[in-house]
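Here's the structure, in structure tokens; my notes come after.
Number of protein chains: 2
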Amino acid sequence: MIPIQIDSAWKGTSDCRNCGIRDMVLFADLNEQDFGEIHTPIDDMVFAVDSVLYNEGQTALGVFTLRKGMVKLVRATADGRERIVRVLRPGDVLGLEALATERYDTEAMALTEASVCRIPLAVLHHLSATSPRLHKRLMQKWQQALKDADDWLADLNFGSARQRVASLALKMRDPEQPHMTSFFARDDMGAMLDIKLETVSREISSLVRDGALKPCDKQGRRYEILNEAMLLR
Amino acid sequence: MIPIQIDSAWKGTSDCRNCGIRDMVLFADLNEQDFGEIHTPIDDMVFAVDSVLYNEGQTALGVFTLRKGMVKLVRATADGRERIVRVLRPGDVLGLEALATERYDTEAMALTEASVCRIPLAVLHHLSATSPRLHKRLMQKWQQALKDADDWLADLNFGSARQRVASLALKMRDPEQPHMTSFFARDDMGAMLDIKLETVSREISSLVRDGALKPCDKQGRRYEILNEAMLLR
DNA sequence: CGGGACGTTGAATTTCGTCAAGGATGGTGG
DNA sequence: CCACCATCCTTGACGAAATTCAACGTCCCG
Chain A
1 MIPIQIDSAW
11 KGTSDCRNCG
21 IRDMVLFADL
31 NEQDFGEIHT
41 PIDDMVFAVD
51 SVLYNEGQTA
61 LGVFTLRKGM
71 VKLVRATADG
81 RERIVRVLRP
91 GDVLGLEALA
101 TERYDTEAMA
111 LTEASVCRIP
121 LAVLHHLSAT
131 SPRLHKRLMQ
141 KWQQALKDAD
151 DWLADLNFGS
161 ARQRVASLAL
171 KMRDPEQPHM
181 TSFFARDDMG
191 AMLDIKLETV
201 SREISSLVRD
211 GALKPCDKQG
221 RRYEILNEAM
231 LLR
Chain B
1 MIPIQIDSAW
11 KGTSDCRNCG
21 IRDMVLFADL
31 NEQDFGEIHT
41 PIDDMVFAVD
51 SVLYNEGQTA
61 LGVFTLRKGM
71 VKLVRATADG
81 RERIVRVLRP
91 GDVLGLEALA
101 TERYDTEAMA
111 LTEASVCRIP
121 LAVLHHLSAT
131 SPRLHKRLMQ
141 KWQQALKDAD
151 DWLADLNFGS
161 ARQRVASLAL
171 KMRDPEQPHM
181 TSFFARDDMG
191 AMLDIKLETV
201 SREISSLVRD
211 GALKPCDKQG
221 RRYEILNEAM
231 LLR
């Protein structure tokens, strides 16, 4: 079942030298010699909405770089419910933990259609030993992942329901259009913020009523930020 | 001011080869040759309760390994309150992020008297390039830190106040005496679980009344776990 | 022995969750 | 092309849970 997903997602082999977002990713400052050390092809893949990139505990095939779209990392909690521990966006790395354990610690599911490249573990193990440039980038990606994890905890799971929704709105701002922000299905937002979906809906409505946000589509996914100060509190 | 803390904490130079907890720490599988590459002394330090090991944003001097005691990682939130993002225990590494950014991402404060060794950044940068053994350990410590961060979020900040207190009790079990567990000042516990200190107190009292826990001191810090199943739900 | 810090407990209030119903949207098939 | 249906978002009323404000007790330290 998983191989089928992989097959259907596979779109070809990546040409990393000419990657459009290369300055954001792991291979940012590799030189020609480093690229020569890559003996296994990097797969270029696209996953449809709601498809699973990998499961919690699954044996790892590689580390992913997210090129386009959004991916949620999901964990099962002790009582069986579902918890979204983070949302990744373009430039982020998925499955770094596989470098240490050969297994993925969380499930990864596409929140939108998602383009990724999958870098085989062997390539990273080899390069991290031979290329100080990759080694340094790898440290930076670990550090960023850890900081993101702590940020997520400190910002989004703190305070009243209204504060949480407002924090999520700020965190999910579009990097290119800072006055726009993206929301998700209400039950996903609930799993991110640890509040019920009805409460999410109420707080969004309240922020719209108070003039902090303006809905830009009919599905409740895109909003314009009208009053940033109101969200910051 | 910070140098004064450092001076007062300094207890000598560590003999890593004979470290009592070496199998848990970064230097676990270094060989004699690797040790020969260490040209800067590892400092052995002790911090008193409530003293600060480093501040958020501070320029980093090194990475710490916790030998004894407990340390909290604290962040300021958007609204100025204090948020405890994790508690570290013996064997854990503090300040790994300094390897990537030369700065600490959080404040670290001793929850008990804490013994640490401070490994200069230069030593780690050098060894991670020359010793595949350290390189591998480093990956494992990054992975563990990231998993701990996600665990903290998923377990302790989820569900009712009672569930959170129960999860904390389980997470803070003594590794040597699994039926014993450690709590903290009630406002610290509140900052860990994102509930008010009065609620923490009430839930602890309730767990004691229901026979899940038994207090073992008069300050409310040590408890015996009488009914593990009751805490798991 | 007194005072301050901290933990506990109680009552009133606010917030959030639960249960239920209604409405908009998008897709499907006739 | 439109009616129908399923899905998801929204809203309301009620009850449960957590916070707030306050008082009180205990422990530790000077």
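Just so you know, the protein sequences line up as chains A and B, in that order. Counting from 1, position 129 in the first sequence corresponds to residue 129 in UniProt numbering; the numbering is continuous, with no gaps. Counting from 1, position 44 in the second sequence corresponds to residue 44 in UniProt numbering; the numbering is continuous, with no gaps. Ideal placement from N, C-alpha and C gives every residue a C-beta, glycine not left out.
Report, in whole angstroms, the separation of the C-beta atoms of residue i and residue j, which I expect to be a contact under 8 angstroms.
i             : j        : result
GLN60/A       : LEU111/A : According to the sequence as given, residue 60/A is Ala; it is not Gln. Rounded, the Cβ-Cβ distance is 21 angstroms, inconsistent with contact.
ALA100/A      : TRP142/B : 7 angstroms
GLY57/B       : ARG86/B  : About 18 angstroms; that fails the 8 angstroms criterion.
MET192/B      : ILE84/B  : 5 angstroms
residue 235/A : VAL63/A  : Look at the range of chain A in this structure, 1 to 233, and you will see that residue 235/A is not part of it.
ASP79/B       : ARG162/A : With 8 angstroms as the limit, ASP79/B and ARG162/A do not qualify as a contact, their Cβ atoms being about 12 angstroms apart.
TYR136/B      : GLU97/A  : As written in the sequence, residue 136/B is Lys, which differs from the Tyr given in the question. Their Cβ separation, rounded to whole angstroms, is 14 angstroms, which puts LYS136/B and GLU97/A out of contact at 8 angstroms.
LEU30/B       : ARG133/B : 6 angstroms
MET24/A       : GLY91/A  : 4 angstroms
ILE42/B       : SER8/B   : Not confirmed; about 18 angstroms, so no contact.
ARG164/A      : ILE204/A : With 8 angstroms as the limit, ARG164/A and ILE204/A do not qualify as a contact, their Cβ atoms being about 11 angstroms apart.
ASP150/B      : ARG75/A  : 7 angstroms
Just the C-alpha distance for residue i and residue j, rounded to the nearest angstrom, thanks.
i             : j        : result
ASN227/B      : HIS179/B : 9 angstroms
GLY220/A      : PHE183/A : 7 angstroms
ASP187/A      : LEU197/A : 5 angstroms
LEU73/B       : GLU107/B : 6 angstroms
VAL208/B      : PRO215/B : 8 angstroms
LYS11/A       : PHE47/A  : 10 angstroms
GLY36/A       : ASN18/A  : 15 angstroms
ILE21/B       : THR181/B : 21 angstroms
MET189/A      : VAL200/A : 7 angstroms
LEU213/B      : GLU82/A  : 28 angstroms
PRO3/B        : MET230/B : Residue placement at PRO3/B cannot be trusted, given a pLDDT of 40 that sits under 50; what the coordinates show is reported in the next sentence. Computed Cα separation, rounded: 47 angstroms.
residue 279/B : ASP174/A : This structure cannot settle anything about residue 279/B, because the visible part of chain B is limited to 1 through 233.
ASP155/B      : ALA185/B : 20 angstroms
GLU224/B      : GLU176/B : 13 angstroms
SER128/B      : PHE158/B : 37 angstroms
MET1/A        : GLY211/A : For MET1/A, the predicted model reports a pLDDT of 37, less than 50, meaning its position is unreliable; a value from the coordinates is still stated below. Near 47 angstroms, if we compare the C-alpha coordinates of GLY211/A and MET1/A.
MET109/A      : ARG222/A : 20 angstroms
residue 246/A : HIS39/B  : Because chain A spans 1 through 233 in this model, residue 246/A falls outside it and cannot be assessed.
VAL49/A       : LEU88/A  : 14 angstroms
ALA28/A       : LEU170/B : 42 angstroms
ALA166/A      : SER51/A  : 28 angstroms
ASP44/B       : CYS16/B  : 10 angstroms
LYS218/B      : GLY95/A  : 45 angstroms
HIS130/B      : SER206/A : Note on residue identity: the sequence assigns Thr, not His, to residue 130/B. Between THR130/B and SER206/A, the C-alpha separation is close to 57 angstroms.
Would you verify that the beta carbon of residue i is, or is not, closer than 8 angstroms to some beta carbon of chain A?
i        : result
PHE27/B  : no
LYS196/B : no
LEU99/B  : yes
THR199/B : no
VAL85/B  : yes
ILE4/B   : Only weak support exists for where ILE4/B lies, its pLDDT of 42 falling under 50; the value from the coordinates is given anyway. Answer no: the Cβ-Cβ gap between ILE4/B and chain A never drops below 8 angstroms.
LEU232/B : yes
MET1/B   : In this prediction, MET1/B has a pLDDT of 36, which is less than 50 and means its spatial position is unreliable; nothing more can be read from the coordinates.
With 8 angstroms set as the bound, which would you pick, yes or no: does the beta-carbon of residue i sit closer than that to a beta-carbon of chain B?
i             : result
ASP150/A      : yes
VAL116/A      : no
LEU88/A       : no
ASP105/A      : yes
residue 304/A : With chain A covering 1 to 233 only, the question about residue 304/A has no answer from this structure.
For residue i, verify whether its CB is less than 7 angstroms away from any heavy atom of the ligand SAM.
i        : result
LEU213/B : Ligands in the displayed structure: none, and consequently the ligand SAM is not present.
Quick one: which residues of the segment 121 to 147 of chain A get their C-beta closer than 9 angstroms to a C-beta of chain B? List them in chain order.
SER128, ALA129, PRO132, HIS135, LYS136, LEU138, MET139, GLN140, LYS141, TRP142, GLN143, GLN144, ALA145, LEU146, LYS147
Looking at C-beta atoms only, is the number of pairs between the segment 63 to 72 of chain A and the segment 117 to 132 of chain A that lie closer than 8 angstroms three or more?
The segment 63 to 72 of chain A is in contact with the segment 117 to 132 of chain A.
Using a Cβ-Cβ cutoff of 8 angstroms, what residues of the segment 156 to 168 of chain A are near chain B? List them in chain order.
ASN157, PHE158, GLY159, GLN163, SER167
Give the residues from the segment 63 to 79 of chain B that approach chain A closer than 9 angstroms (Cβ to any Cβ), ordered along the chain.
LEU73, ARG75, ALA76, THR77, ALA78, ASP79
Below 9 angstroms between beta carbons is the criterion; list the residues of the segment 26 to 57 of chain A that meet it against any residue of chain B, in chain order.
Taking 9 angstroms as the Cβ-Cβ cut-off against chain B, none of the residues of the segment 26 to 57 of chain A qualify.
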